[in-house]
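A short write-up of the structure that comes next.
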Amino acid sequence: MGIASINPATGETLKTFEPLSDAAISGAIDRAQQTFEQYRDTEMAQRSQWLHRAAQILTDKREQYGKMMTLEMGKPLAAAIAEVEKCALVCRYYADHAAEFLNDRVIPTDAGKSFVRYQPLGIILAVMPWNFPFWQVFRFAAPALMAGNVGILKHASNVPQSALAIEEILLEAGFPQGVFQTLLISADQVSQIIADDRVKAATLTGSEGAGASLASGAGKQIKKTVLELGGSDPFVVMESADLETAVATAVTARMINNGQSCIAAKRFIVQESIADVFLEKLVARYAALRVGDPMDANTEIGPLATPGIVHELAHQVQTAIDQGGTLRYGGEPDSLKLNESLKRGNFFPPTILSDLPIDASIVQEEFFGPVAMVFRVPDLDAAIRFANHSPFGLGASAWSQNPQEIDRLINEIEAGSVFINSMVKSDPRLPFGGTKRSGYGRELSEEGIREFVNIKTVWVK
Ligand code: NAP
0 MGIASINPAT GETLKTFEPL SDAAISGAID RAQQTFEQYR DTEMAQRSQW LHRAAQILTD
60 KREQYGKMMT LEMGKPLAAA IAEVEKCALV CRYYADHAAE FLNDRVIPTD AGKSFVRYQP
120 LGIILAVMPW NFPFWQVFRF AAPALMAGNV GILKHASNVP QSALAIEEIL LEAGFPQGVF
180 QTLLISADQV SQIIADDRVK AATLTGSEGA GASLASGAGK QIKKTVLELG GSDPFVVMES
240 ADLETAVATA VTARMINNGQ SCIAAKRFIV QESIADVFLE KLVARYAALR VGDPMDANTE
300 IGPLATPGIV HELAHQVQTA IDQGGTLRYG GEPDSLKLNE SLKRGNFFPP TILSDLPIDA
360 SIVQEEFFGP VAMVFRVPDL DAAIRFANHS PFGLGASAWS QNPQEIDRLI NEIEAGSVFI
420 NSMVKSDPRL PFGGTKRSGY GRELSEEGIR EFVNIKTVWV K
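Using numbering that gives the first Met the number 0, read the sequence shown as starting at 0 and increasing by one per residue.
Encoded structure:
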């Protein structure tokens with residue numbers, strides 16, 4: 000497919016790019032290394048000023064960047080603009096708090112003085128996905144640059160314009176050349192970067208396959224990685240829940256980003272006594288969703304990012320039906336009533352499947368699109384058991400008004416986060432990451448900025 004912006008709503012190719020040569024990659028790593036030698040000694044206050052400026056640029060140009068993202072990967076324009084604003088927020092958050100997170104931490108011992116000092120590692124490689132083209136990158140870049148590291152970005156091949164824009168924003172904000180570089184390269188050029196001695200660590204957000212490939216390359220070189228991979232988040236609804244709010248939130252939590260979010264709710268696990276009502280309400284809300292041109296302010300669900308995702312999703316829905324699931328709503332891409340201009344777009348209808356056997360193999364897969372699977376469980380024990388019956392462990396949303404139930408849901412669900420009576424979301428102030436095959440390490444918050452630093456113990460007699 001190559002590196003190209005292709006409008007997913009129309010199929011129109013907007014721009015194509017040639018991948019960098021191996022020599023150009025090596026040149027970029029040189030530049031990064033030379034820059035790091037000075038950048039590591041810049042004052043925190045200076046870095047903070049640059050990052051605040053980046054936040055201001057993002058705020059000022061949010062519509063321009065939002066439109067760029069919508070054209071490249073199809074999310075509704077309002078969501079794209081909100082994403083740019085969230086990037087400004089994470090920049091401001093780290094600009095304001097990095098110094099406090101990375102200050103020397105004195106720990107009294109029997110030494111004259113003992114403390115922990117946090118020092119940058121050097122060049123960090125970031126391999127990022129297309130689904131949140133700005134947010135995924137800024138949530139890496141803001142803490143990494145504040146910590147004194149320099150970054151190299153390999154972005155997904157279908158969002159090259161967003162990738163280039165991010166480097167430009169950081170340069171315009173004042174960061175020196177070489178502090179953050181976007182390399183337009185293919186996935187198979189990543190291994191040479193991670194093998195390069197000058198590159199000290201890597202972070203990847205994406206699929207399990209990509210994560211495993213990067214991490215094994217890094218492992219051979221004894222380099223640290225942070226992996227944010229897939230998810231099949233449970234959304235547990237108990238009889239005691241506020242059902243109306245739970246159903247309304249279920250739709251938002253499944254449909255965010257046209258259904259292509261790692262932390263979208265994907266498995267709806269509902270107590271038997273309320274399952275029929277839940278399903279009925281869910282179908283009614285799905286039927287009211289407006290699918291169409293993501294540039295149109297009325298559109299709630301835009302196209303999926305690539306034709307490949309549509310094919311994969313259609314295949315998964317068919318497999319789910321073959322394995323005993325009932326199609327409750329949607330499922331047929333041809334059933335969508337779209338304008339002529341959108342006929343070549345990657346649209347998939349909001350779809351609901353129910354009553355799949357819990358042990359069906361398809362239940363173990365991530366559905367990356369607007370497809371909800373609804374399951375019935377008799378009680379809390381079964382709900383928790385089934386919530387955990389997944390190779391993934393990213394987030395979980397659970398709905399109950401019973402304190403004992405809430406306590407057990409918090410304690411017993413195996414996931415990087417549990418949101419009670421609320422949908423899973425990321426917030427710069429809170430750590431974000433997964434367990435099991437959803438990956439390891441944390442982004443955001445105080446935890447995130449400490450992933451790519453040397454935590455140096457100092458003992459002075
Ligand atoms: P993907 O194919 O893994 O792509 C992600 C990035 O990895 C792209 O830049 C891609 O480059 C690169 N890549 C692919 N194969 C690689 C390899 N063997 N070595 C090195 N880099 C490689 O992921 P996707 O399917 O587009 O994205 C969706 C996945 O990301 C879902 O599973 C989703 O749940 C996950 N995700 C997780 C989080 C989280 O925070 N946990 C957030 C968002 C998305 P090319 O584009 O050039 O192939």
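Every residue, glycine too, gets a C-beta built ideally from N, C-alpha and C.
Proximity below 7 Å, CB of residue i to CB of residue j
| i | j | result |
| --- | --- | --- |
| leucine 226 | glycine 216 | no |
| tryptophan 458 | serine 25 | no |
| methionine 145 | valine 136 | no |
| leucine 335 | proline 356 | no |
| methionine 294 | serine 161 | no |
| valine 158 | phenylalanine 35 | no |
| glutamine 322 | isoleucine 262 | no |
| leucine 50 | cysteine 86 | no |
| glutamate 413 | threonine 434 | yes |
| arginine 138 | leucine 326 | no |
| isoleucine 268 | valine 370 | no |
| valine 235 | alanine 381 | no |
| tyrosine 64 | alanine 141 | no |
| glycine 415 | glycine 73 | no |
Residue burial classification, residue i (beta-carbon count within 10 angstroms, cutoff 16)
| i | result |
| --- | --- |
| aspartate 232 | buried |
| lysine 222 | buried |
| aspartate 292 | buried |
| glutamine 180 | buried |
| glutamine 259 | buried |
| asparagine 257 | buried |
| arginine 289 | exposed |
| serine 272 | exposed |
| arginine 428 | exposed |
| glutamate 166 | buried |
| alanine 454 | Reading off the sequence shown, one finds isoleucine at residue 454, where the question assumed alanine. Result: exposed. |
| alanine 296 | exposed |
| alanine 79 | buried |
Alpha-carbon spacing of residue i relative to residue j, whole angstroms
| i | j | result |
| --- | --- | --- |
| arginine 30 | isoleucine 192 | 14 Å |
| tryptophan 129 | histidine 388 | 28 Å |
| proline 7 | tyrosine 285 | 22 Å |
| glycine 173 | leucine 120 | 22 Å |
| alanine 201 | methionine 43 | 23 Å |
| glutamate 182 | phenylalanine 16 | Note on residue identity: the sequence assigns leucine, not glutamate, to residue 182. When rounded, the distance between both Cα atoms is 11 Å. |
| isoleucine 308 | phenylalanine 367 | 7 Å |
| valine 115 | arginine 104 | 5 Å |
| glutamine 270 | glycine 230 | 22 Å |
| isoleucine 320 | aspartate 21 | 46 Å |
| proline 402 | glutamine 315 | 37 Å |
| leucine 76 | phenylalanine 133 | 13 Å |
| glutamine 400 | arginine 197 | 53 Å |
| tyrosine 439 | glycine 432 | 7 Å |
| glutamine 363 | phenylalanine 418 | 21 Å |
| leucine 352 | phenylalanine 277 | 13 Å |
| isoleucine 448 | tyrosine 328 | 43 Å |
Simplified DSSP assignment, three categories, for residue i
| i | result |
| --- | --- |
| phenylalanine 374 | strand |
| arginine 116 | strand |
| arginine 197 | coil |
| glycine 218 | helix |
| glutamine 270 | strand |
| glycine 399 | Note on residue identity: the sequence assigns serine, not glycine, to residue 399. Coil at serine 399, not helix or strand. |
| glutamate 404 | helix |
| alanine 264 | strand |
| arginine 104 | strand |
| glycine 392 | strand |
| aspartate 241 | coil |
| phenylalanine 385 | helix |
| tryptophan 49 | helix |
| threonine 9 | coil |
| phenylalanine 137 | helix |
| glycine 150 | strand |
| leucine 352 | strand |
| tryptophan 342 | Checking the sequence, you will find lysine at residue 342 rather than tryptophan. It is coil, neither helix nor strand. |
| phenylalanine 347 | coil |
| phenylalanine 16 | strand |
| alanine 247 | helix |
| lysine 435 | strand |
Minimum length 3: unbroken beta strand (DSSP E) runs contained in the segment 277-333: As far as the segment 277-333 is concerned, its whole beta strand (DSSP E) runs of at least 3 residues are 325-328.
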